[in-house]
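With the working numbering applied, the sequence shown has no gaps in its numbers, which climb one by one up to 296 at the end. For every residue, glycine included, the Cβ atom is placed at its ideal position computed from N, Cα and C.
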Amino acid sequence: MQILRTPKELSQTVDACRINGQSVAMVPTMGALHQGHTSLFDLAHQHADVVVATIFVNPLQFNNSVDFDKYPLQLDHDIQLLEQHAVQFLYAPTVDTMYGANFSTSVHVGGITDVLEGSSRPGHFSGVSTVVAKLFSAGRPDVAIFGQKDFQQIAVIQRMVADLDIPIQIIVAPTIRETDGLAMSSRNIRLSGSARQEAAAISQGLRQAQDQFAAGIRESEHLIKTVKSAIEPTSAVIDYVNVIDSASLRDLSTASQGCVIVLAVLLDGVRLIDNHILV
Numbered sequence: 018m019q020i021l022r023t024p025k026e027l028s029q030t031v032d033a034c035r036i037n038g039q040s041v042a043m044v045p046t047m048g049a050l051h052q053g054h055t056s057l058f059d060l061a062h063q064h065a066d067v068v069v070a071t072i073f074v075n076p077l078q079f080n081n082s083v084d085f086d087k088y089p090l091q092l093d094h095d096i097q098l099l100e101q102h103a104v105q106f107l108y109a110p111t112v113d114t115m116y117g118a119n120f121s122t123s124v125h126v127g128g129i130t131d132v133l134e135g136s137s138r139p140g141h142f143s144g145v146s147t148v149v150a151k152l153f154s155a156g157r158p159d160v161a162i163f164g165q166k167d168f169q170q171i172a173v174i175q176r177m178v179a180d181l182d183i184p185i186q187i188i189v190a191p192t193i194r195e196t197d198g199l200a201m202s203s204r205n206i207r208l209s210g211s212a213r214q215e216a217a218a219i220s221q222g223l224r225q226a227q228d229q230f231a232a233g234i235r236e237s238e239h240l241i242k243t244v245k246s247a248i249e250p251t252s253a254v255i256d257y258v259n260v261i262d263s264a265s266l267r268d269l270s271t272a273s274q275g276c277v278i279v280l281a282v283l284l285d286g287v288r289l290i291d292n293h294i295l296v
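Shown next, in the form of structure tokens:
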């Protein structure tokens, strides 16, 4: 695996792939890789000849400096994992490389960034869309792979790609979960033992809501209460539980096939998000 450090190196590498007639998939990450990430790399291989993973802990998307400082860094481990999954290129720029001294441009997607995570984390999605726009600009992949766990983030990126006529296909991979149902996340390693056990209540609540929906219950208020009832006995502090339209992200009073339950909680000082598409 070749490690690339600058936008120029990334661009030249992709150009060489194109000359060789190879298609390119990009998998953007912030490192601290786990099985959820490796599933994205494996999916990327199904859609392109060459896979480029990116590792960059993006300071622009953290509205809490403490959260940024605590984000796990384990590049040596990540490189081993990437090589095990036959990733051909890793793009791992520094903050100074991504955002020079005179950097002053921000990409803002309106509307859908003002709710849910956007409401609780001001500026977060501008940071996300800015860094992804830069990655796409330098890497110009044919496809980019993201995990469903970050449902709102995917909606923001899809909107940006559509609005700016960026010719990249966004592929959404299913959320990979621990054996007890907790969505895999790099943040999970920050949970204490007891909090980690409590975290299983998040997916339990989502499964219970799905069971009720399958049984014919359509009132969003009822489904939301079900999820909250599963989580409230734990020490988790619920930020939001909403039933939303999958495209507009607007709250729905009545659930329907394909709409999404999204949630965020703070547990043991760690912010955890999850979602479930009702079927």
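Going by Cα to Cα distance, which pick from the options is closest to residue i?
i	options	result
Ala33	Phe163, Pro158, Val244	Pro158
Gln101	Val287, Val260, Leu50, Ala272	Leu50
Lys166	Leu77, Arg176, Ser202, Ser154	Ser202
Asn75	Asp93, Leu98, Ala172, Gly48	Gly48
Ile162	Thr192, Asp182, Leu181	Thr192
Ala200	Ala253, Gln52, Leu27	Gln52
Val282	Val254, Arg194, Cys276, Ser270	Val254
Asn292	Tyr88, Gln227, Arg207	Gln227
In this structure, does DSSP put residue i in helix, strand or coil?
i	result
His293	strand
Ser177	The sequence shown places Met at residue 177, rather than the Ser named in the question. DSSP places Met177 in helix when its eight states are reduced to three.
Pro45	strand
Ile278	strand
Arg35	helix
Ile183	coil
Gln91	coil
Ile72	strand
Phe79	coil
Leu107	strand
Ala200	strand
Val112	helix
Residue i: buried (16+ other C-beta within 10 angstroms of its C-beta) or exposed?
i	result
Glu310	Past the boundaries of the shown model lies residue 310; the chain is included only from 18 to 296, so the question cannot be answered.
Asp262	exposed
Pro45	buried
Ser265	exposed
Ala65	buried
Pro110	buried
Ala216	buried
Thr243	buried
Phe168	buried
Return the CA-CA distance between residue i and residue j, expressed in angstroms with no decimal places.
i	j	result
Leu189	Ser209	It is worth fixing the name first, because residue 189 is Val in this sequence and not Leu. So the two alpha carbons sit approximately 30 angstroms from each other.
Val258	Ile278	7 angstroms
Pro139	Ile96	32 angstroms
Asp256	Ala247	14 angstroms
Thr122	Gln214	42 angstroms
Ala218	Phe230	18 angstroms
Leu107	Ile36	20 angstroms
Ser273	Ile234	10 angstroms
Val68	Met43	6 angstroms
Glu236	Val260	10 angstroms
Gly156	Ser252	43 angstroms
Using a Cβ-Cβ distance cut-off of 8 angstroms, determine whether residue i contacts chain D.
i	result
His125	Annotation note: the requested chain D is absent from the structure, which comprises a single protein chain.
Within the stretch 202-270, ranges of the beta strand (DSSP E) (whole runs, at least 3 residues):
The qualifying runs are 254-261.
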